[in-house]
Structures are given as C-alpha cells and as structure tokens.
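What follows is one structure encoded as structure tokens, with my remarks underneath.
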Amino acid sequence: MDKGDFFMRHFFNVHDIGDLNKALEEAQAIKNNRFGFQQLGKNKTLLMIFFNNSLRTRLSTQKAAMNLGMNVIVLDVNAGAWKLETERGVIMNGDRSEHLLEAIPVMASYCDIIAVRSFAGLTDRTYDYAETVVNQFVKYSGRPVVAMETATVHPLQAFADLITIAEYRQSARPKVVLTWAPHCRALPQAVPNSFAQWMNAADADFVITHPEGYELEPSFTGNARIEYDQKKALQGADFVYAKNWSCPGVRNAADYGKILSEDMSWTIDTEHMSWTNNGYFMHCLPVRRGLIVTDDVIEGDHSLVIPEAANREISAEVVLKKILETL
Amino acid sequence: MDKGDFFMRHFFNVHDIGDLNKALEEAQAIKNNRFGFQQLGKNKTLLMIFFNNSLRTRLSTQKAAMNLGMNVIVLDVNAGAWKLETERGVIMNGDRSEHLLEAIPVMASYCDIIAVRSFAGLTDRTYDYAETVVNQFVKYSGRPVVAMETATVHPLQAFADLITIAEYRQSARPKVVLTWAPHCRALPQAVPNSFAQWMNAADADFVITHPEGYELEPSFTGNARIEYDQKKALQGADFVYAKNWSCPGVRNAADYGKILSEDMSWTIDTEHMSWTNNGYFMHCLPVRRGLIVTDDVIEGDHSLVIPEAANREISAEVVLKKILETL
Amino acid sequence: MDKGDFFMRHFFNVHDIGDLNKALEEAQAIKNNRFGFQQLGKNKTLLMIFFNNSLRTRLSTQKAAMNLGMNVIVLDVNAGAWKLETERGVIMNGDRSEHLLEAIPVMASYCDIIAVRSFAGLTDRTYDYAETVVNQFVKYSGRPVVAMETATVHPLQAFADLITIAEYRQSARPKVVLTWAPHCRALPQAVPNSFAQWMNAADADFVITHPEGYELEPSFTGNARIEYDQKKALQGADFVYAKNWSCPGVRNAADYGKILSEDMSWTIDTEHMSWTNNGYFMHCLPVRRGLIVTDDVIEGDHSLVIPEAANREISAEVVLKKILETL
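Below you can see the structure in the form of structure tokens.
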C-alpha cells in the first residue's frame, strides 16, 4: 500500500495522500466548490462494500462521490448478498457460499474504485493487524481501494479530524490530546490508530492518555507522548479527542480485544474540560452519552462533533478526486 | 411546523402546501411534464430515512426526486446503520449506539432535504401525538423535513388521494366517505388523520364512519360529520375510502392503540358498494384482502387503488419541487 | 413471453433476444462503447426487485443500466419493504401485508422496466415450472420484465456465458460440456436450464453429463446429448461448464428438489480437466470451492469464471438497450 506523494492509488495511511498541507489546501478548495469537478467522475463508478454497519461513512462517501459526478453502488454484504468466505483452503460447506477470491475480482469488474468497510474481529490480533480482508481487495481487485474503516485504520475519519483541527486551531501548533474513555462494548482500535498516525504527521503537540494496558500499536503512535495521568495530559489541551478502544494487545497479546477498564472517572465531563485551554471536544461518532462524554460537554459550544462529521464529506471528496485524477 | 401559504418549508400538514387548488393545478402540470424541472434539483440531495418498512413511499419519493434531477440517498436505519437512541438523559449502554441528537445534524450535513418515515409506537398516545421523533428532525436538522408517514400524519398519501379524487370526481363537490374496516393487527391513525385533514380543507361532502370508540383526533377531523351507521354513511357516496386504524384513544386514553372491534360486517364488499352512488373504492395500500375489502371490489373497474398509488409520484414531486424552489 | 426476433419485450428465453449472432455482435459493440447510448436511458427508470439474495446480478445489472444513463431503484422485498402475498383467494391475516396483485402494478407505475429475481422454492415442481411469480409480473405490470434468475431460467447468465465462449473459442463449433457437480445444499435448475437452452440455440457441440436421476427438463435440453459417464463426456471438451443442481423431478416428480447424490468424484479437479481438449473451466458463481471445483482449477489460467462475470454487465446492457429501443 506504499505510494509516492504525487500519485495516489489506495487510501489507508496518512502517507497515501501525499503532502498534508497540500491536502488541507485541497480540502478547503473542495469545500468552497464541491460540485466543480464533475467531469472527473462522469461514467466512473464507486462501489461501496460494507461488511459492517455504517451511518456517517455510508452517507458522506456516497455524497462525496455524487458531488464528483460519479455513479455509486452500495453493497451490504450481509443484507442482500451472499455471505463471503475469507479464508483459503476450506471446503465451503457452511453458510458462506462465495469466496472473496472470486467475489473481489467480480465486484471490481463492475466499478472503477472500491471502498471497503471491514471491522476488526478482535479475537485474533495477528489476523486483524495483517489487514487480512482488505489486503485481499488490494491484491485481487486491480482497482484503487479506499478504507472506509478497516481492522486497524479509519483514515477518512482522521483526515476529516485534521481538517477540523486546522479550521478551529488558535495557534500554529495546538496541543491535541487523544484520551481513552470507558464503553460498554469492546471496540476496535482503528480510529485511535489513524488519529495518532495523522497527528504525528501533522504539526501538533500530540499526547495520548489511557489506563495502563491500553497502549496502542507503536507503528501508529510513533514518538507521541504517552501520559497515563489523564488530568496531566488534558492540562492546556486545545483539542480533546475522546475515544474508547479495547486492549490493543501490545503489552500482552492474550489481552487483545478485551475490556481492561470500565473506569468512569475517564468519562469527559465539564470538570475534565475545565483542565484544558478552553479546549474543543472531539469524537468521531457514534458516541455513547454517559459513558464517553456527558450531555453538557457534547452539546456545549466547544463541541466539534458535528463539524467533524460534516468534514467527512470533504475528506472523502478529496480522496476520491485524487484517485480519479489517476484513472 | 406552521408555514405561510407562499413559502414552503416542511411538509406535514395540509396548510404546509398553501392554496390547495393551486397545488392541484401544479400536480397536473407536473404529471404532464415530470422531467421538466431538473435544473431545480441539480446537485441537490434528498436523504430518505426509514425507521419502518416502505414500498410505495420508498419507490415513489425516490422516483419523484430523480424526476427533478436530484441525487437520492436511502438510509434504512434498522438495516445497515446504527440503532438510534431517541430519548434524552439516558446512559447509552444498551443496543442503541448513537443518539438522534448527533445523528440528525450529521445526516442533515450530507443533504438538502430530509424525508423521514417513523411510525407510531401505539403504546404512548402523548409521545406519538407530540410527534417526538420527527419534531427532533425539524428542530435539529436545519433542513426542510418531509413526512413519509409519521406517528400521526401521512400527507404525501393524502395529497395523492386528493389528486385522484380531483381526477375522477363527477361533480364539483363529491361525497367522500372515510370508513373504518377490520384488520388483524393494530395500525396507526396517520392515514385517516391526514385524509380527514385534507378532505376538510378541500371542497367535499366529507363523512367519517367507524364503530363506537374509534373516534379520530378532533384536531384532524374538525367539523367532519361522524356517522356510526356504516350503511347510512355510504349511501350516495361518490368515493369510499376504506382504512383500518387502531383506537385513537380520544374517548379513553387507556385504549390507545388497541383493537376494539374485529367486526367483519365492516369489510367493503359488493353489497357495501351497492349502497353508494356508483362510487369509487379507494385505499392507500398495502391492503389485506379479505379483511378490509373483498377481491371483487378491489379488482373491480371502480377501484382506484392503482391510480392513487401512481399519484404518489406526483404528490411527492410537487412537494419536493416547492421546497427546492425555496432553497 | 413469446416474442418475435425484431421487437424485444420481455427477457426470459433465448428466443426473446432474436438472432443470436446479431446479439453477439451487439455485445462486442457495447463492450467497446458502454457509455455510448445514454440518450436511450435518459429519464428512464429500471426497478430491480429482489426476492432473493444477489451479488453479481445486483451489481452488473445496476452498472449496465447506469451505463445507459438510466435511473435505478433497487428494492429488496424482504428487507425494507412489506412481505408480499403471492397466492390468490386467501384471507391475508398472516405476516404478508400486501398482495402481488396490488404491488406489481404499483411498482410498475414508478418505472419503465422491471427486473425480477425470484428463485424456485424447490418444493412444488408444478408451481415453480409454471413461473407463477414472474408470470404475474408479466401479466399485471404492463412493463417489460427482465429475468434476473427466476424459478426456472437465468438468461442474463446464459447470455454472458455465450459471449464468453464466443470470445475464447478456438474453433467455429467448440465442444461444450455442462457437468453436474456435488453441493451441500439443494440448488435450483435455473442456470443449467438456461445454459442448455442457449447452447442448443448457438452453434456448439453440446453435451450434458450428470448422475442418473438428474435429468433436466426436456423443454430446455432439447436434442442435447446426455452422457452419464462424466469422463466420456469431458473427453475433448473445449469448455467445461460445472454446476450443481437438485433433482429436476423429470423422471420422478416426487424427487423434485432433492439431493440424490453427493458423489465427490464429480468435483472438477486437474485430473478431470486433463481429459479435455485443454479446455476452459466455467461456472456462473457463486461457487463452493472443494465441492464443485478445486482451488487449483478455478485459480488456473484456463478458468473463465471472472470473464464470465464481467460479461454479465455486457449481457445486461444489451438486453436493456434492446428494450429501451422499443419504449
């Protein structure tokens, strides 16, 4: 999936989009002229494949493609299509009636760009972190592949978050804090992984805070500062990015996907926000109120959750436009 | 939801569409030229949100929007998206992973007009008749909202019914009878409520007939004549509009949503139709044959159920066109 | 459903498409210019109705219609719409809330062409082979109807298969062998029925092989040679078309839809292919690896499963184009 800066093929990681400042400039240009590039998408088809549920990604990516004049086909694999076998070498006598090895080139033959959502299973770290499913799309489709959240990354979200931070920052190098927060179900690490990767690539004072054991995969967090004391981390923050994730299994692979803490003292409330530099609250949504964040914080005038979501249309349009330019 | 006659914003009630005669004229104009207004819809997106199943509304509204050159995104909330929390102040640790308060402005950010289907729950009259769900869309979306059947109204149906009556009436002021009919499940009152509201606003001799206890909400029935004797009501009718509804709870709130009668003598058969003025049979569909109406009546040459349904495309196109003209 | 060669109305059988050589020429013309006929489809709507799951058919037909500039509406009857009653004369007090007799003309009123998928139930041969469901669409819709696999035929697949054979054949009259193969579930006969019908109409040396009892309906197989010895059948084959089907009930109606054999010696592996004339392997997909075919054969360089699937876009576009030309 490695790509140079000047020719975009697939979209999984921050370096896939090339120079970040140029990408942010393009985002603003598109925001001011979302229907200005429809010749690029004419008679081009985006196939959006969902192995998992979606609200924002479904709507914003579809909107972005239509802005560009593309045709869009949405496929919910588990509703209306066959269940797909993803493993090799099996006798397929169960409920999965088609193999990805056939399904991928077939689906690819009906489109120009493939966007895929396939969440982490959270039971097998090696399988998930190898991106076993989406890498088959890269390998066998012969088409540009756009991640609509995979087992380990959610770059359309991270790019939209970066666009939002660039729009709201008061200083050239704001303090951005990614903080874990409690949740009732085990969630993947795709959003915090990508957020860390993109913040490291951008020019930010980036800090990650979480309970012991929730360390994220180092290939995403890089040199980011890890601070286990949430209060210390939040002090002076310009942006507070709250998110739950289950154990990434970095310290102990056997804990992968487990809920290690339900500590409600990590829930972001007004007291937490009072420690910051009049900071903005961010979350990728969907968010569980009362667990991740209190009603008053998410409804407050420093909540950016809606602008972040609105920028999903923009990040998707930039990405699709850059890919269309290479076709 | 109150609107003046000359600027259309939301579409829930008959007064939202302004002068009815002008609306009927516009319907005929559009029927003769359904693809004549595509510049209005260019680069405009209709988001259709379904909390409940749909056949006619799904297809006809989509067709109407495409006639106008709009982009359409269909979202089935319970298939492919997250389940949405609609109540405030709850700790969201159940199966609903997103709150409408976030979901509504997010969805709104990807479209220009929102159409919503959200049926009555039929357990809490106050909650249903306050239009708790769709009013949140009006309040938080910042977009024009079109009712594709809400807890209490189904105006696209009532408008299509009125168009149909205008096309088939033999006299300037036909006799129109709304008659209850038996059904095996408890159904909402949205269709009879809207039909009553629109017939009152139109120039018709309008009569409602049903067993005791099925009185509809007076704010919809207004001064319409209520006749508990179905045979008396049907005598001389030019149009017989059959529909089941569960108890509206007007007389006794504790009965709200209950089935008070399964009296099969109310089923519309050829004998019932013989009491009328060679009247037309109408129903909004879907209809249960053998309960609401017999095979011979619904298949007879005075059945208007298909023209009514076909006019759903027209009523939706008029409504969307009038909203597009204000954007 | 009988049609002359020069005016296409419905699409179920090989004679519906007229002269096969002309159809193959048109397929190549469209393959070289898939976006060249968009004026034909402008403001025309294809309604795709699925009573059963679909991957290839869903995507390829949608793509073909969009290539032609059509609007497309997809309806999954069992997800998001009402369940439809298909029998007459019943009191509808079960879970099916609408009758096909209303639903069909209603759906037809919102579109110009209807495409329908409705599989065999495999319990009642008479019901299935009378094409009870789709014939109601033909009778009551007033619209051209395209089979997207019905109880007994799958002509878009057979036409795509013929296009593929025409592209890969080394001789004017290749030997084509349709061979049964084992499967874990009872499957319909639509694909082998149509394949046999189309091969008989084309100029091929066509042989069918299967275990005793799996004889296909003679109105489809016509004069094709039946060879019960798979090895003898495969000798010298240029194309091997593998497919499972359940008992067609031709010899014994009581066996209709049953699995009579699970004989794994019929699975197509490299040894089977070694008996052929360096033949190509074909299958309509989805395919169960390890039952129908081994990994090495389907992944081998003489496997045509992906080109066949890619030609589904072409066969659908030819069919839709020919119908659009008559509207």
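Quick mapping for you: the protein sequence lines, in order, are chains Z, B and U.
What the first sequence shows, in this note's numbering, is residues 5 to 331, in sequence order.
What the second sequence shows, in this note's numbering, is residues 5 to 331, in sequence order.
What the third sequence shows, in this note's numbering, is residues 5 to 331, in sequence order.
Beta carbons are placed, not taken as given, at the ideal position from N, Cα and C, and that holds for glycine.
- Spatial neighbours of U:V254 in its own chain (CB-CB distance under 8 Å, excluding positions within 5 residues in sequence) are listed in chain order as E219, L220, E221, P222.
- Within the stretch 19-39 of chain U, those residues whose Cβ lies closer than 7 Å to any Cβ of chain Z are, in chain order, F39.
- For U:E102, DSSP records a beta bridge to U:L88.
- Inter-residue distance for Z:E321 and Z:I34 is about 8 Å (C-alpha atoms, whole angstroms).
- Boundaries of the beta strand (DSSP E) harbouring U:A119: 117-121, taken from the DSSP string.
- Proximity of chain B to Z:E317 at the Cβ level (cut-off 9 Å) is accounted for by S113, Y114, in chain order.
- Ranked by Cα distance from U:R292, the first of U:T154, U:T49, U:P186, U:I169 is U:P186.
- Between the alpha carbons of B:G226 and B:N197 lies a gap of roughly 10 Å.
- Contact of B:I230 with chain Z is not assigned, every C-beta pair being separated by 8 Å or more.
- With its beta carbon at least 8 Å from every one in chain B, Z:Q161 lies outside the interface.
- Look at B:N56: its C-beta is not under 8 Å from any C-beta on chain Z.
- Just measuring C-alpha positions, the residue of B:L79, B:D305, B:N47, B:D242 sitting nearest B:F55 is B:L79.
- At least 8 Å separates the beta-carbon of U:N248 from that of U:W202.
- In the displayed model, B:Y144 falls within a helix according to three-state DSSP.
- Put simply, the CB of B:Q66 is near chain U, with a gap under 8 Å to one of its CB atoms.
- With a contact defined as Cβ atoms closer than 8 Å, U:N47 and B:C188 miss out at about 41 Å.
- For Z:D80, the uninterrupted beta strand (DSSP E) run begins and ends at 75-80, by DSSP.
- Straight-line measurement puts the Cα of B:V297 at about 24 Å from the Cα of B:R62.
- Not a single C-beta of chain B is nearer than 8 Å to the C-beta of U:V149.
- In this structure, U:M111 and U:I118 form a Cβ contact; the two beta carbons are roughly 7 Å apart against a cut-off of 8 Å.
- Relative to U:L44, the option among U:A69, U:G146, U:M12 whose CA is nearest is U:A69.
- The C-beta separation of Z:P192 from Z:F123 comes to about 6 Å, placing the pair in contact by the 8 Å criterion.
- B:R121 is not a Cβ neighbour of B:A313, given a cutoff of 8 Å.
- The count of Cβ pairs closer than 8 Å, one atom from the stretch 297-309 of chain U and one from the stretch 321-331 of chain U, stays below three, leaving the stretches out of contact.
- Excluding residues up to 5 positions away in sequence, T213, H214, P215, E216 lie with their Cβ nearer than 8 Å to the Cβ of U:Y232 in the same chain.
- B:N37 counts as exposed, since fewer than 16 other C-beta atoms from the protein chains shown sit within 10 angstroms of its C-beta.
- Between Z:I169 and Z:I318, the C-beta spacing is not below 8 Å.
- In this chain, the alpha helix (DSSP H) harbouring B:V309 covers 309-328.
- Look at U:M52 here: in three-state DSSP terms it is strand.
- Shown here, U:M12 sits in coil according to DSSP, grouped into three states, outside any helix or strand.
- For Z:V142, no Cβ of chain U is located within less than 8 Å of the residue's own Cβ.
- One alpha carbon belongs to Z:Q174, the other to U:Y114, and they sit about 53 Å apart.
- The C-alpha of B:W270 is placed about 20 Å away from the C-alpha of B:D259.
- Under the Cβ criterion of 8 Å, U:L72 is not counted among the residues facing chain B.
- Looking at the backbone, the Cα of U:V142 and that of B:A31 are separated by about 30 Å.
- In the DSSP annotation of this structure, the continuous segment of the beta strand (DSSP E) that includes Z:L182 starts and ends at 179-184.
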